[in-house]
Amino acid sequence: MFCQELVIIAEIPKEEYIEKCTSACAGCSSSLTLRYVLKAAGHDSVLVVPACCTSVIQGAYPNTAMNVPVYNVAFASAAACASGMSEAFLEMGKKTHVIVYAGDGGTLDIGIQSMSGAFERGTDFLYICYDNEAYGNTGMQRSGATPLGAKTTTTPTGKTVEKKDIDAIVAAHHLEYMATACSAYPQDIYKKVTKALTFRGPTFIHILAPCPPGWRYPTEKTIEMGKLAVKSGMWVLYEREHGKLTISAPSKAAMKKPLPLEDYLAPQGRFKGIDAKSLEILKQHLAANLKKLTAEEAQP
Amino acid sequence: MKKIATGNKAVAEAVKQAWPRVVAAYPITPQTEIVETIADYVTSGQMKSRYIPVESEHSAMAACIGASITGVRTFTATSAHGLLYMHEMTNWAAGARLPIVMVNVNRSLGPGWNIWAEHTDAMQERDTGWLQVYVSTVQEAYDTTLMAFRIAEHNDVLLPVMVNLDGFSLSHIMQPLDTVEPGDFIPPIHLPHAIDTKNPTGYGGLTMPDQHFLFRWDIERSMRDAGRVIAATEKDFARRFGRSYGPTENYRCEDADVILIAMGTFGKEAEVAIDILRKEGIKAGSMRLRWFRPFPKLDLAGKEVVVIDRDYSFGYGGIVAGEIKAKNHCEVYSVIAGLGGQEVTYDDMAEFVRTRRMGGEFWFGVTGNV
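Dropping the structure here:
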């Protein structure tokens with residue numbers, strides 16, 4: 001495995017598609033994620049970006065920090081816009097990659113209809129949801145992706161309902177390829193984006209992207225936070241290719257002996273003072289999710 | 301070629317000839333026949349385009365936006381609630397300077413559900429930066445749809461165009477249609493800001509207060525230029541195909557003391573009312589307002605003007621009447637008639653003129669109205 005990682009590092013292109021000095025917050029893991037997404041996608045790609053942190057991170061007119069065309073669209077419309085773009089490129093015989101790069105609000109909440117429609121129609125595009133588990137760009141309001149117990153500006157005492165299982169919803173569209181990833185594992189992101197772009201038709205990658213100001217942890221711990229999410233089993237890395245699930249190496253290693261969930265929650269201010277009942281529910285669901293994924297992977 | 305067609309079929313025929321490479325649409329009564337016909341053209345290979353059967357009108361306009369920015373010709377059609385549902389994206393299309401052509405089959409808005417003609421749907425798109433034209437016959441629906449592509453895509457315009465036809469009273473009626481061979485009447489589309497991965501740039505990102513108003517002014521500048529482009533396009537259309545159009549269609553206006561103004565099918569019906577009034581010795585003429593955005597300069601100074609609005613702005617008045625009052629030195633009698641498909645005959649229209657009370661407002665059919 002160690003050798004494999006080195007091979008991937010050597011493979012990752014030196015070209016940068018995001019210039020330095022973006023408007024991202026210090027310790028932003030979503031821009032780190034995008035850096036590797038674009039290294040995998042290459043220059044013949046268009047990003048379609050609905051309202052989200054990336055709308056700001058790319059810089060203000062007339063400047064752009066991006067070395068690929070970025071098409072900004074209204075919140076609910078990214079996947080539909082990508083549909084039109086993808087069909088037009090097909091019509092012109094172009095092989096340009098169309099990639100939606102949307103936050104969790106733009107995916108799980110306001111954008112779910114257009115995403116579902118584009119998947120159902122078999123649109124040839126890659127939809128990436130980078131998930132910081134709240135409306136980060138507007139200052140951390142709860143979204144459908146906010147986990148139970150997490151404090152946001154609109155759930156000041158902690159969210160009382162659970163995170164929406166968007167991956168199960170996406171799975172119901174029977175895509176040829178879908179995956180989860182995490183900003184703390186760039187080689188894994190690179191590998192999965194590269195693979196996703198080999199498929200014709202819709203593909204989906206859901207990437208956990210810890211957010212220092214939103215999750216209330218020190219900026220230098222942004223990689224550590226992603227690793228803790230995976231090592232505790234709170235976030236599981238996997239791919240589902242032609243319906244066959246494979247748990248990715250970092251999660252497989254973590255699942256042998258997961259870290260206590262508290263190791264992941266304790267450094268985050270948003271979970272400070274989480275009540276015992278919510279904690280218990282989170283733990284139960286974490287265990288149930290691992291069991292479910294392990295069982296699915298074991299199926300022939 | 302001469303044939304008989306509905307307004308909807310005439311639109312579909314024009315769209316086939318203009319050949320947009322991407323059509324994204326969602327069905328809604330009374331527009332459905334347009335998208336069904338186009339879907340049939342695409343499926344049967346008569347039109348080599350991509351038809352995207354989107355899951356909503358919001359997505360229809362978003363898909364047109366995504367396709368248009370790659371530099372291809374795009375088309376959609378909608379009506380009423382569909383138009384309002386895409387309202388966020390109609391603003392986006394104009395702001396992004398995309399020459400999308402859309403046919404809107406005018407219909408009233410709920411509640412309650414009413415599928416018949418009214419102009420309030422399109423009026424709510426008045427300030428979005430779309431060019432708007434209202435047609436009155438099947439032939440005009442066809443001709444104007446063809447012209448709409450050339451006007452929208454002209455590099456002095458680069459704004460979307462909405463062609464409006466009245467639900468049922470035009471979309472579903474059969475009239476003679478003389479189709480043409482457009483040839484090079486619509487030149488190949490060239491979108492100067494089309495996406496080019498070899499020359500990457502950002503589109504529609506964060507724009508600060510010292511820049512944003514410049515983009516808005518640029519839309520207005522193009523809207524002003526659009527009047528000239530429309531006139532040139534209509535002139536060339538007349539030269540090639542023999543049918544001429546203008547910002548208004550005037551009927552017996554030259555010596556008229558009173559002008560009856562309406563849009564869409566009412567504007568055509570008004571000509572019959574004028575003949576009746578003339579026989580009675582009333583010097584009346586009619587002016588059918590065709591282009592609503594850009595709003596044309598009208599020659600109404602010193603005239604008495606009766607405006608029929610098939611729309612309303614609650615707490616203000618008839619929208620067309622308001623616009624005419626704001627832009628002209630003339631007295632206006634505002635008639636609100638035809639909402640939700642309300643039957644209005646040419647006899648009714650003649651009566652509006654006979655009983656006009658200049659400066660007043662009249663709601664046709666409302667009992668006790670003064």
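Each protein sequence line maps, in turn, to chains A and B.
This note's numbering puts the first residue of the first sequence at 1, with every later residue one more than the last.
This note's numbering puts the first residue of the second sequence at 301, with every later residue one more than the last.
A virtual CB, placed ideally from N, CA and C, is assigned to each residue, including glycine.
As the structure is a computational prediction, the values presented were derived from the model and not from experiment.
Beta-carbon of residue i versus every beta-carbon of chain B: anything under 8 Å?
{"i": "His242/A", "result": "no"}
{"i": "Phe119/A", "result": "no"}
{"i": "Tyr71/A", "result": "yes"}
{"i": "Gly122/A", "result": "no"}
{"i": "Val68/A", "result": "yes"}
{"i": "Glu91/A", "result": "yes"}
{"i": "Val56/A", "result": "yes"}
{"i": "Val100/A", "result": "no"}
{"i": "Val48/A", "result": "yes"}
{"i": "Ser77/A", "result": "yes"}
{"i": "Gln113/A", "result": "yes"}
{"i": "Ala145/A", "result": "no"}
{"i": "Thr194/A", "result": "no"}
{"i": "Thr96/A", "result": "yes"}
So with CB distances below 7 Å, who are the chain B contacts of residue i?
{"i": "Asp44/A", "result": "Thr497"}
{"i": "Cys81/A", "result": "Ala362, Ala363, Ile365 and Gly366"}
{"i": "Gly269/A", "result": "Within chain B, no residue comes near Gly269/A; the closest Cβ sits about 28 Å away, beyond 7 Å."}
{"i": "Thr107/A", "result": "Here the premise fails: no neighbours, minimum Cβ distance about 15 Å."}
{"i": "Thr64/A", "result": "Thr501, Gly502 and Gly505"}
From the DSSP secondary-structure annotation, give me the bridge partner or partners of residue i.
{"i": "Arg350/B", "result": "Val322/B"}
{"i": "Arg407/B", "result": "The partner list for Arg407/B (beta bridge, DSSP) is empty, contrary to what the question assumes."}
{"i": "Arg240/A", "result": "Met178/A and Leu245/A"}
{"i": "Glu631/B", "result": "Glu604/B"}
{"i": "Gly502/B", "result": "Val70/A"}
{"i": "Arg578/B", "result": "Paired residues: none, contrary to the question."}
{"i": "Asp131/A", "result": "Leu208/A"}
{"i": "Phe375/B", "result": "Val323/B and Val401/B"}
{"i": "Arg593/B", "result": "Gln432/B"}
{"i": "Glu661/B", "result": "Ser634/B"}
Check this for me: beta carbons of residue i and residue j, under 8 Å apart or not?
{"i": "Ala362/B", "j": "Ser251/A", "result": "no"}
{"i": "Met658/B", "j": "Leu560/B", "result": "no"}
{"i": "Val463/B", "j": "Ala448/B", "result": "yes"}
{"i": "Thr420/B", "j": "Ser436/B", "result": "no"}
{"i": "Ala97/A", "j": "Leu197/A", "result": "Looking at the sequence provided, one finds His at residue 97/A rather than Ala. Yes."}
{"i": "Val653/B", "j": "Ala584/B", "result": "yes"}
{"i": "Ile304/B", "j": "Leu477/B", "result": "yes"}
{"i": "Ala324/B", "j": "Val354/B", "result": "yes"}
{"i": "Ala367/B", "j": "Val405/B", "result": "no"}
{"i": "Ile519/B", "j": "Gly371/B", "result": "no"}
{"i": "Ala145/A", "j": "Cys182/A", "result": "no"}
{"i": "Ile8/A", "j": "Tyr190/A", "result": "yes"}
{"i": "Arg590/B", "j": "Val480/B", "result": "no"}
{"i": "Gln58/A", "j": "Thr107/A", "result": "no"}
{"i": "Met402/B", "j": "Ala377/B", "result": "yes"}
{"i": "Ala562/B", "j": "Ala556/B", "result": "no"}
{"i": "Phe125/A", "j": "Ile166/A", "result": "no"}
So which residues of chain B does residue i contact, with C-beta pairs closer than 9 Å?
{"i": "Cys28/A", "result": "Going along chain B, no residue has its Cβ under 9 Å from Cys28/A, so there is no contact; the nearest lies around 16 Å."}
{"i": "Ala60/A", "result": "Gly505, Leu506, Thr507, Met508 and Gln511"}
Alpha carbon to alpha carbon, how far is residue j from residue i? Give it in angstroms, no decimals.
{"i": "Cys81/A", "j": "Glu440/B", "result": "31 Å"}
{"i": "Met508/B", "j": "Ala51/A", "result": "16 Å"}
{"i": "Pro69/A", "j": "Arg426/B", "result": "31 Å"}
{"i": "Lys597/B", "j": "Leu47/A", "result": "43 Å"}
{"i": "Lys535/B", "j": "Ala209/A", "result": "58 Å"}
{"i": "Ile530/B", "j": "Phe592/B", "result": "12 Å"}
{"i": "Ile574/B", "j": "Ser586/B", "result": "7 Å"}
{"i": "Pro156/A", "j": "Lys272/A", "result": "11 Å"}
At the 8 Å Cβ level, is residue i part of the contact set with chain A, yes or no?
{"i": "Val372/B", "result": "yes"}
{"i": "Trp392/B", "result": "yes"}
{"i": "Ile352/B", "result": "yes"}
{"i": "Pro500/B", "result": "yes"}
{"i": "Arg321/B", "result": "yes"}
{"i": "Ser359/B", "result": "yes"}
{"i": "Ile451/B", "result": "no"}
Determine the chain A residues that contact residue i at a beta-carbon separation under 7 Å, and present them in chain order.
{"i": "Ile335/B", "result": "A quick correction: the sequence has Val, not Ile, at residue 335/B. Going along chain A, no residue has its Cβ under 7 Å from Val335/B, so there is no contact; the nearest lies around 15 Å."}
At 9 Å on the CB atoms, spell out the chain A contacts of residue i, in chain order.
{"i": "Ala324/B", "result": "Ala80, Ser83, Gly84 and Glu87"}
Using a Cβ-based criterion (distance less than 7 Å to any ligand heavy atom), does residue i qualify as near the ligand ZN?
{"i": "Gly581/B", "result": "Within the structure as shown, the ligand ZN is missing, as the structure has no ligands at all."}
For chain E, is any of its Cβ atoms less than 8 Å away from the one on residue i?
{"i": "Glu355/B", "result": "Reference to chain E is not applicable here, since the protein chains of this structure are A and B."}
What in chain B is Cβ-close to residue i, meaning under 8 Å?
{"i": "Ala301/A", "result": "Outside the shown range of chain A, which is 1 to 300, sits residue 301/A, and nothing can be said about it."}
List the residues of chain A whose Cβ lies closer than 8 Å to the Cβ of residue i, in chain order.
{"i": "Ile369/B", "result": "Tyr71 and Met85"}
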